[in-house]
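Undergrad:
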Amino acid sequence: MATLDQKSPNVLLQSLCCRITGKSEAEVAHQFQYAVRVIGSNYAPTIERDEFLVSEKIKKELLKQRREADAALFSELHRKLQTQSVLKHRWSVLYLLLSLSEDPRKPSSRVGNYGALFAQALPRDAHSTPFYCTRPQSLALGYGERSAGLSASVGTSGISSLGVYTLNGPTATPQSLLAGQPSQSAAGSSQTLGSRLAWALPVSCSPSSALAPLAIRPPLGPPVPSSRVVRPRQDGEVSEATLVRDILYVFQGIDGKFIKMSAQDNCYKIDGKVVLCKSLRDTSSRLSELGWLHNKVRKYTDARSLDRAFGLVGQSFCASLHQELKEYYRLLSVLHSQLQVEDEQGVLVCTESSLTLRRLLVWMYDPKIRLKTLAALVDFCQGRKGGELASAVHSYGKTGDPQMRALVQHILSLVSNPILSFLYRWIYDGELEDTYHEFFVASDPNVKTDRLWHDKYSLRKSMIPTFITMDQARKVLLIGKSINFLHQVCHDRTPPGQITAASNSADTPRDAAELLSDLDGAFQEKIDAAYFDTSKYLLDVLNRNYLLLEHLQAMRRYLLLGQGDFIRHLMDLLKPELVRPATTLYQHNLTGILETAVRATNAQYDNAEILKRLDVRLLEVSPGDTGWDVFSLDYHVDGPIATVFTRECMGHYLRVFNFLWRAKRMEYTLTDIWKGQMCNAKLLKTMPELSGVLHQCHILASEMVHFIHQMQYYITFEVLECSWDELWNRVQQAQDLDHIIAAHDLFLDSVISRCLLDNSSRNLLNQLRAIFDQIIEFQSAQDSLYRSALEELTLRLQFEDKKQQREEEGQWGVTAEQEAEEKKRIQEFQETIPKMRSQLRILTHFYQNIVQQFLVLLMTSTDESLRFLSFRLDFNEHYKAREPRLRASLGTNWGRRSSNM
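So for the sequence shown, full-length UniProt numbering puts the first residue at 1; every next one is plus one.
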């Protein structure tokens with residue numbers, strides 16, 4: 001007996017206190033009572049004793065501290081530890097490490113202070129694994145206990161781990177363990193039993209109840225409240241525990257014994273023959289919805305995971321769904337483990353710690369919400385792939401529910417990772433490895449190199465994710481297109497890394513998540529940096545190596561007649577050739593004349609690269625055409641500059657050149673007419689009968705000169721110079737090649753429309769060409785007039801010279817016969833003058849009518865510059881007096897048209 005007393009827990013505990021403190025038994029009475037209270041308490045952590053959950057929480061804490069390497073190292077070490085049998089209680093060690101790693105400055109959410117810690121209850125049995133039981137519903141929770149219950153760990157899927165409450169609260173010190181108190185049992189076995197029961201003595205039990213006989217002693221654990229009394233089952237009724245087991249199988253999409261999938265109704269149903277109360281049947285039906293949701297998600301992933309055509313984005317979406325299902329399966333494994341523990345402990349009745357349908361209904365609320373979200377995503381993403389799939393996922397993240405938003409953002413980070421990988425490979429290397437057409441940049445392999453910039457690469461608008469703006473997508477397209485243009489067209493071998501510094505790409509879903517959270521910040525900065533660096537380098541190469549701006553200025557000087565001295569000298573040299581029929585012209589002759597004009601003017605100082613591209617071109621010949629009608633200058637373009645000066649652009653340049661060349665010819669023709677009038681004016685003074693006709697010629701020529709001068713001023717200054725100035729300013733401010741191409745196209749469109757060469761100005765152009773034709777006819781009529789007049793003048797002078805010579809010889813000046821012939825010839829000439837006058841009158845009438853119609857069309861034009869041109873053409877209101885439609889003032893006419901519109 002003495003030996004038993006020496007080994008009793010109270011004696012051993014008292015000896016331990018004396019040894020630790022170094023004091024006598026009388027001096028450690030206070031410490032001994034405190035130790036007994038601590039050991040006799042029921043303190044236990046309010047978390048599930050699950051090694052996996054603790055390890056996951058440790059890794060999460062490391063990730064929160066941005067210690068990814070440490071988290072990976074911990075995961076590897078934990079895996080090795082699981083393969084060894086050195087430690088039996090790994091959960092306890094991990095939990096200790098987790099507790100020690102907590103920041104001491106952070107207020108604890110589990111226990112407020114050490115006093116509250118020792119006021120809690122510790123495990124009531126003497127085993128290494130404490131016995132868990134839930135708190136009776138009749139016992140209220142304090143604030144510290146409620147916060148402890150809410151601090152249960154949360155898995156990556158957001159499903160809270162299932163913790164159970166223990167019986168907490170202060171426990172009175174058992175009298176049998178107080179030092180110096182006699183034992184209340186005479187027998188050794190009774191004393192040992194009393195000492196053991198003191199470890200598990202609940203608050204509601206009196207000390208005397210610990211020594212009661214086993215037959216009358218109440219069972220260990222909390223008493224079941226009256227409200228939890230199990231309802232007696234009917235004959236053949238299925239127990240709730242059996243339903244719970246079936247439900248756990250249904251959660252995984254597996255038919256249970258009583259709950260099976262109905263193919264007809266597409267839902268899980270309880271067998272109608274099963275005897276079951278209505279509440280359990282309804283609860284089971286509500287829980288079975290998780291199985292249906294699980295099957296919907298699982299069916300989608302199983303069908304798409306093996307589909308290679310689904311692409312990398314689709315496979316990432318399936319992987320994210322698999323990850324969420326994996327977290328869901330972990331929760332189910334915890335539930336299965338708890339159910340297995342209950343089976344091993346032989347729990348046959350529904351206690352406070354057992355799994356019930358109502359507990360499952362509460363615990364599975366959050367997983368059900370997540371599965372509903374996943375199922376909705378699966379429905380919404382049907383038939384989508386690539387960027388379109390990412391847009392569908394992104395649209396579901398616009399919700400006010402923070403948990404649902406976090407779930408969708410997590411899935412989006414996985415789904416968008418391949419897209420961002422495509423994007424960075426494209427903008428930093430110019431490579432497009434999009435086998436399944438998921439990226440929003442498309443490539444056409446059939447396009448040749450000369451059309452690379454315009455046709456080879458394009459945007460798939462349906463594949464642009466909604467989290468990427470159209471401006472960002474356009475810049476992404478331009479970056480990769482510029483890199484490929486440099487390599488394939490410009491033959492520039494500079495590595496892309498020297499053009500723009502490559503930043504860190506989104507190699508992991510976490511990188512993608514961080515990038516998606518700052519689309520207007522870091523992501524925009526990366527796109528802008530690559531865009532500006534690549535575009536600037538491309539423009540430098542085009543200007544430095546391929547003289548892009550010099551070629552642009554050459555177009556202005558030669559094809560748009562900006563080099564005045566060259567154009568004038570070229571016309572002088574070409575005039576003898578161009579007056580001939582078009583069929584008699586030879587291109588090599590005209591090319592030689594062109595080279596002569598270049599060498600004789602300032603054009604000789606241009607770059608040799610530009611001059612060798614300048615050439616002569618003969619247009620298609622029509623019957624009756626002269627050289628003026630088919631002659632044209634040409635400018636050969638190839639290589640990178642052909643990207644700006646495309647075939648369409650060169651066609652526009654040729655149209656404008658022909659128009660300007662014809663207008664220049666009219667000016668050149670009127671100059672010849674004026675010179676002829678000035679030279680012949682004095683010669684024909686001796687022929688007074690021609691004064692009226694010549695005066696009529698001078699008036700008509702003045703009208704034509706005024707018209708052509710105003711048209712030339714309009715074309716040269718208001719059209720060409722103004723448009724060119726706008727083009728040059730845009731080119732100087734251009735940030736990429738597309739800006740230059742757009743500015744150049746806008747310049748040509750402006751010149752085409754304002755030079756009356758577009759479809760809307762066809763009537764004006766026809767009238768203008770008719771006016772040009774009248775000028776040519778007037779030149780022919782005047783040349784014919786002067787030719788006849790000069791012939792008559794020559795004959796008259798010869799007659800006078802002959803007459804004077806005969807008089808000097810002493811003879812009669814003329815005979816009667818000669819004088820009669822002279823008079824007859826003069827009379828015949830005078831008879832042709834009315835015909836000349838009539839011809840000029842008709843020509844003047846036609847010309848003025850055409851000009852009047854042209855002015856009417858100008859005044860009704862929507863272009864303000866054309867309306868002011870009509871005012872300058874008729875500044876003295878000469879045509880206004882002849883045409884009633886021109887009598888309305890310019891402002892009144894335009895105001896009336898505006899009101900009608």
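Positions of the beta carbon are idealized from the N, C-alpha and C atoms, including for glycine.
Taking Cβ positions, are GLY272 and LEU389 nearer each other than 8 angstroms?
TA: No. Outside cutoff.
Undergrad: Go ahead and label ASP401 buried or exposed: buried means 16 or more other beta carbons lie within 10 angstroms of its beta carbon, across all protein chains shown.
TA: ASP401 is exposed by the Cβ-count criterion.
Undergrad: Please report whether the beta-carbon of GLU819 lies at a distance below 8 angstroms from any beta-carbon of chain D.
TA: The structure shown contains no chain D; it holds only a single protein chain.
Undergrad: DSSP three-state label for THR860, please.
TA: Residue state, collapsed to three classes: coil.
Undergrad: Nearest CA to the CA of GLU648: which residue from PHE772, HIS454, LEU377?
TA: Measuring from the Cα of GLU648, the nearest candidate turns out to be HIS454.
Undergrad: Just curious, the alpha helix (DSSP H) that CYS267 is in, first and last residue?
TA: Premise fails: CYS267 lies in the beta strand (DSSP E), 267-270, not in any alpha helix (DSSP H).
Undergrad: Suppose contacts are defined by Cβ-Cβ distances below 8 angstroms. Is LYS461 in contact with ASP444 by that definition?
TA: Not closer than 8 angstroms, so no.
Undergrad: Would you give the residue range spanned by the beta strand (DSSP E) that SER632 belongs to?
TA: Per DSSP, SER632 belongs to the beta strand (DSSP E) from 631-635.
Undergrad: So which of LEU611, ILE419, ALA241 has the shortest CA-CA distance to GLN340?
TA: Per the Cα distances, ALA241.
Undergrad: Applying the criterion that 16 or more other CB atoms from any shown protein chain within 10 Å of the CB defines a buried residue, is MET711 buried or exposed?
TA: With 16 or more other Cβ atoms within 10 Å, it is buried.
Undergrad: In the DSSP assignment, find the unbroken beta strand (DSSP E) run with ALA442 in it and report its ends.
TA: Here the beta strand (DSSP E) through ALA442 covers 441-443.
Undergrad: Please classify SER128 as buried or exposed, where buried requires at least 16 other C-beta atoms within 10 Å of its C-beta.
TA: Model confidence at SER128 stands at a pLDDT of 31, short of 50, so the residue's coordinates are unreliable; what they give is reported in the following sentence. Label assigned to SER128: exposed.
Undergrad: If we call anything under 8 angstroms between Cβ atoms a contact, is TYR436 one with ALA309?
TA: Yes; because the gap between Cβ atoms is below 8 angstroms, this pair is in contact.
Undergrad: With H, G and I counted as helix, E and B as strand and the rest as coil, what does DSSP make of PRO418?
TA: Note: PRO418 maps to helix in three-state DSSP.
Undergrad: What does the Cβ neighbour count give for PRO884, buried or exposed, with the cut at 16 atoms within 10 Å?
TA: Label assigned to PRO884: exposed.
Undergrad: Nearest by alpha-carbon distance to ILE419: which of SER391, THR591, LEU560, ILE58 is it?
TA: Closest by alpha carbon: SER391.
Undergrad: Going by CA-CA distance only, name the one from PRO688, GLN733, SER288, ASP565 that's closest to ALA600.
TA: Cα-wise, what sits closest to ALA600 is ASP565.
Undergrad: Give a yes or no on contact between the region 817-836 and the region 760-768, applying the rule of three or more CB pairs nearer than 8 angstroms.
TA: The answer is no - the region 760-768 does not touch the region 817-836, with fewer than three Cβ pairs under 8 angstroms.
Undergrad: Kindly indicate the opening and closing residues of the beta strand (DSSP E) around SER458.
TA: Its beta strand (DSSP E) spans residues 457-459.
Undergrad: Which residue wins for smallest C-alpha separation from ALA770, given the options GLN852, LYS835, HIS744?
TA: Here the closest residue by C-alpha is GLN852.
Undergrad: Among residues of its own chain, excluding the 5 on either side of residue 902, which ones have a beta-carbon nearer than 6 angstroms to its beta-carbon?
TA: In the structure as shown, the chain begins at 1 and stops at 901. Residue 902 is therefore absent and cannot be evaluated.
Undergrad: How should GLY142 be labelled, buried or exposed, when 16 other C-beta atoms within 10 angstroms of its C-beta is the threshold for buried?
TA: For GLY142, the pLDDT reaches just 36, beneath the cut-off of 50, and the residue's location in the model is therefore unreliable, although a value from the coordinates is still provided. It counts as exposed.
Undergrad: For the putative contact between ARG730 and ALA743, defined by C-beta atoms under 8 angstroms, what is the C-beta separation to the nearest angstrom?
TA: Contact holds; Cβ gap of about 4 angstroms.
Undergrad: What did DSSP end up calling ASP615 once you bin it into helix, strand or coil?
TA: DSSP places ASP615 in strand when its eight states are reduced to three.
Undergrad: With a threshold of 16 other CB atoms inside 10 Å of the CB of SER870, please say whether the residue is buried or exposed.
TA: Classification of SER870: buried, given that the 10 Å Cβ count is 16 or more.
Undergrad: Shortest alpha-carbon distance to LEU561 belongs to which of THR591, SER632, ARG613?
TA: With distances taken between Cα atoms, LEU561 lies closest to SER632.
Undergrad: Since TRP426 contacts ARG556 with CB under 8 angstroms, what's their CB separation in whole angstroms?
TA: The pair is not a contact, with the Cβ atoms about 37 angstroms apart (cut-off 8 angstroms).
Undergrad: Under 8 angstroms by Cβ, that's how I've got GLN563 and ALA530 pegged, so tell me the actual separation to the nearest angstrom.
TA: Not really, about 41 angstroms apart at Cβ, beyond 8 angstroms.
Undergrad: Which residues in the same chain have their Cβ closer than 8 angstroms to the Cβ of ARG359, if we skip the five residues on either side of it in sequence?
TA: There are no such residues.
Undergrad: When the Cα atoms are used, what is the spatial distance from GLU807 to LYS685?
TA: C-alpha separation (whole angstroms): 25 angstroms.
Undergrad: Does DSSP classify LYS260 as helix, strand or coil?
TA: Three-state result, LYS260: strand.
Undergrad: Is the beta carbon of TYR268 less than 8 angstroms from the beta carbon of SER288?
TA: Yes, the Cβ-Cβ distance between TYR268 and SER288 is below 8 angstroms.
Undergrad: Leaving out five residues on either side along the sequence, give the residues of the same chain with a beta carbon under 6 angstroms from the beta carbon of SER99.
TA: Within the same chain, SER99 has no close Cβ partners at all.
Undergrad: Does DSSP put VAL621 in a helix, in a strand, or in coil?
TA: It is coil, neither helix nor strand.
Undergrad: Suppose the cutoff is 7 angstroms on Cβ atoms and the five residues either side in sequence are ignored; what does the same chain contact list for VAL814 look like?
TA: So the qualifying residues of the chain are LYS803.
Undergrad: Secondary structure at GLU726, three-state DSSP: helix, strand or coil?
TA: In the structure shown, GLU726 sits in a helix (DSSP, three-state: H, G or I).
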